[in-house]
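Trainee: Residue 74 is where the sequence shown starts when you use the working numbering, and the numbers rise one by one after that.
The C-beta atom is built at its ideal place from N, Cα and C for all residues, glycine as well.
Note that the coordinates shown come from a computational prediction; the quantities given were computed from them, not determined experimentally.
Can you read through this structure? Questions will come right after.
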Amino acid sequence: MYRNFDRVLLVVALVIFVIGISSIYSATYTEGSSALRGLVLKQCIWMAVALVILFIVISIDYQRFVDFAYILFGLNVILLIIVLIFGRTRFGAQRWFSIGVFGFQPSEFLKITFILALSSYLGSKAKFTYQPSDLVVPFIIMLLPLTLIYMQPDLGTALMLIPILFSMLIVRGVRIRHLLTIVILGLSALPFMWFMLKDYQRQRLSVFIDPNADPLGAGYTMIQSRIAIGSGFVFGKGWLSGTQNQLNFLPERHTDFIFSVIGEEGGFIGCIILLALYCILIYRGLKIAQTTGDTYGRLMATGIVSMIACQVIVNTGMASGFMPVVGLPLPLMSYGGSSLLTTMISIALLLSIGMRKPRF
Numbered sequence: 074m075y076r077n078f079d080r081v082l083l084v085v086a087l088v089i090f091v092i093g094i095s096s097i098y099s100a101t102y103t104e105g106s107s108a109l110r111g112l113v114l115k116q117c118i119w120m121a122v123a124l125v126i127l128f129i130v131i132s133i134d135y136q137r138f139v140d141f142a143y144i145l146f147g148l149n150v151i152l153l154i155i156v157l158i159f160g161r162t163r164f165g166a167q168r169w170f171s172i173g174v175f176g177f178q179p180s181e182f183l184k185i186t187f188i189l190a191l192s193s194y195l196g197s198k199a200k201f202t203y204q205p206s207d208l209v210v211p212f213i214i215m216l217l218p219l220t221l222i223y224m225q226p227d228l229g230t231a232l233m234l235i236p237i238l239f240s241m242l243i244v245r246g247v248r249i250r251h252l253l254t255i256v257i258l259g260l261s262a263l264p265f266m267w268f269m270l271k272d273y274q275r276q277r278l279s280v281f282i283d284p285n286a287d288p289l290g291a292g293y294t295m296i297q298s299r300i301a302i303g304s305g306f307v308f309g310k311g312w313l314s315g316t317q318n319q320l321n322f323l324p325e326r327h328t329d330f331i332f333s334v335i336g337e338e339g340g341f342i343g344c345i346i347l348l349a350l351y352c353i354l355i356y357r358g359l360k361i362a363q364t365t366g367d368t369y370g371r372l373m374a375t376g377i378v379s380m381i382a383c384q385v386i387v388n389t390g391m392a393s394g395f396m397p398v399v400g401l402p403l404p405l406m407s408y409g410g411s412s413l414l415t416t417m418i419s420i421a422l423l424l425s426i427g428m429r430k431p432r433f
């Protein structure tokens, strides 16, 4: 079984995590105190838990997760409902359960159970007619959690379900013209969706067009992030030497804007190295999706790769000022136990699929 174990995939994931830990240390470093006693230590504990879960997951045939996909998805949806009632509120969003000093975010794990549920449904249809009627159930599977996540509110995670769904439908053979029709209908509804957004979400979209319209308010984080990345130039200012970072000009630098820390301290070269590692990770995932002979495995691997790739694109684009701020973590880099566990479980599922592909 371990003959097909993708060591490169796991090693690259661990290297990205180590870079992330060093960046979190720098982002939380204060002279005279030890950041290791705080967020860095918590993140390392989460990684230790994640590695244990990873080896448990790869020891189980991924088909077993497909068998229980609807149950896992249903339980996750129930948790999304409960968190809206009893969850912890932070920065105006009710997304977390508190477990001692740690937080648990059901919407992060929803991305995995969503992929499992879609894989189970799409893979079980032996005769997929590729008609618009075939898209009803997949979109219901998406819209239910999307609505609940949006209500938290967490627009970034909610919107992330859309490219995951589309990528899996394309792999299953759904006609592109059907998906384009849905995209056009969705775009035509944008003026109406504007009025459904929260005030802070509208502000984020507005300052994306012109951050200087509110430089000390909604546009502040984007402006400081651009300054941080730009000030790194080619080779960066060095570890623990970023002025925007160390002087606390950049908010959320250990979470959603960790890429800005890389840009300032590692420069253009540091950013390119990190993005190259992500490209290797994505390539290995796509290779697993391409070489597996199982429909369920191909769908699952495609959804996972799409999830990771989209988060990398959106987060780095957000930090660079090319996309509006939507609050998505950078996989394996940003501080956050739920995000880290979700990504490592996803890596474990990819490894499980690759290990069990048929030999020719």
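Hey, would you say the C-beta of I377 is under 7 Å away from at least one heavy atom of the ligand MG?
Mentor: Although the ligand MG was asked about, the structure shown includes no ligands whatsoever.
Trainee: State the CB to CB distance for the pair D207 and R168, rounded to an integer number of angstroms; the pair is presumed to be in contact (CB under 8 Å).
Mentor: At roughly 33 Å, the Cβ-Cβ gap does not stay under 8 Å, so D207 and R168 are not in contact.
Trainee: Going by the beta-carbon positions, is the gap between V399 and G229 smaller than 8 Å?
Mentor: yes
Trainee: From F433 to I361, what distance separates their C-alpha atoms?
Mentor: Low confidence applies to F433: its pLDDT is 40, below 50, so where it sits in the model is not reliable enough to give any reading.
Trainee: Name the two residues that bound the continuous beta strand (DSSP E) containing R168.
Mentor: A166 to I172
Trainee: Go through its chain and collect everything with a Cβ distance to S193's Cβ below 7 Å, but skip five positions before and after it.
Mentor: V139, A142 and Y143
Trainee: Give me the DSSP bridge partner(s) of R161.
Mentor: W169
Trainee: Just verifying my parser: in three-state terms, what is the DSSP assignment at G309?
Mentor: coil
Trainee: What's the C-alpha gap between D283 and P264?
Mentor: 19 Å
Trainee: According to DSSP, F175 sits in a beta bridge with which residue or residues?
Mentor: I172
Trainee: Under a three-way DSSP split, which group does A382 fall into?
Mentor: helix
Trainee: List the endpoints of the continuous alpha helix (DSSP H) containing E325.
Mentor: Element bounds for E325: n/a, residue is neither H nor E.
Trainee: Given that a residue counts as buried once 16 or more other Cβ atoms are within 10 Å of its Cβ, and exposed if not, what is P205?
Mentor: exposed
Trainee: Once the 5 residues before and after G340 are set aside, which same chain residues still bring their CB inside 6 Å of it?
Mentor: G305, F306, V307, F308 and G309
Trainee: Are V334 and G315 closer than 8 Å when you measure CB to CB?
Mentor: Cβ atoms of V334 and G315: closer than 8 Å.
Trainee: Starting from L424, trace the alpha helix (DSSP H) in both directions and tell me its first and last residue.
Mentor: G410 to M428
Trainee: Using 10 angstroms around the beta-carbon of K184, count the other beta-carbons present and answer buried if the total reaches 16, otherwise exposed.
Mentor: buried
Trainee: Identify whether G303 lies in helix, strand or coil by the three-state DSSP scheme.
Mentor: Note: G303 maps to helix in three-state DSSP.
Trainee: Using a Cβ distance threshold of 8 Å, determine whether the segment 87-101 contacts the segment 112-120, with at least three qualifying pairs required.
Mentor: yes
Trainee: Use the C-beta contact count for V210: other C-beta atoms within 10 angstroms, 16 or more gives buried, fewer gives exposed.
Mentor: exposed
Trainee: Quick check on DSSP: helix, strand or coil for A291?
Mentor: coil
Trainee: Take M233 as the anchor and find which of R277, F182 and H251 has the nearest alpha-carbon.
Mentor: F182
Trainee: Confirm, please, whether the CB-CB distance from P397 to F281 is below 8 Å.
Mentor: yes
Trainee: State the DSSP-derived secondary structure class of A142, mapped to helix, strand or coil.
Mentor: helix
Trainee: For G366, name the three-state secondary structure that DSSP assigns.
Mentor: coil
Trainee: Short of 6 Å in beta carbon distance, which residues of its chain neighbour L221, apart from the five on each side in sequence? Order them along the chain.
Mentor: L153
Trainee: Cβ of P402 within 8 Å of Cβ of D287?
Mentor: no
Trainee: Would you check if the distance between the CB atom of A301 and the CB atom of Q317 is smaller than 8 Å?
Mentor: yes
Trainee: For V113, which option in H327, I353, I420 and C383 has the closest C-alpha, if you only look at C-alpha atoms?
Mentor: Nearest C-alpha to V113 among H327, I353, I420 and C383: H327.
Trainee: Determine the closest residue to A100 out of A421, T186 and M406, with distance taken between C-alpha atoms.
Mentor: M406
Trainee: At a cut of 8 Å, does the segment 117-137 reach the segment 419-430 through at least three beta carbon pairs?
Mentor: yes
Trainee: In chain order, what residues of the same chain lie with their CB nearer than 8 Å to the CB of P324, ignoring the 5 residues before and after it?
Mentor: Y293, T294, Q297 and F330
Trainee: Nearest CA to the CA of S240: which residue from F128, W312, G409 and R371?
Mentor: R371
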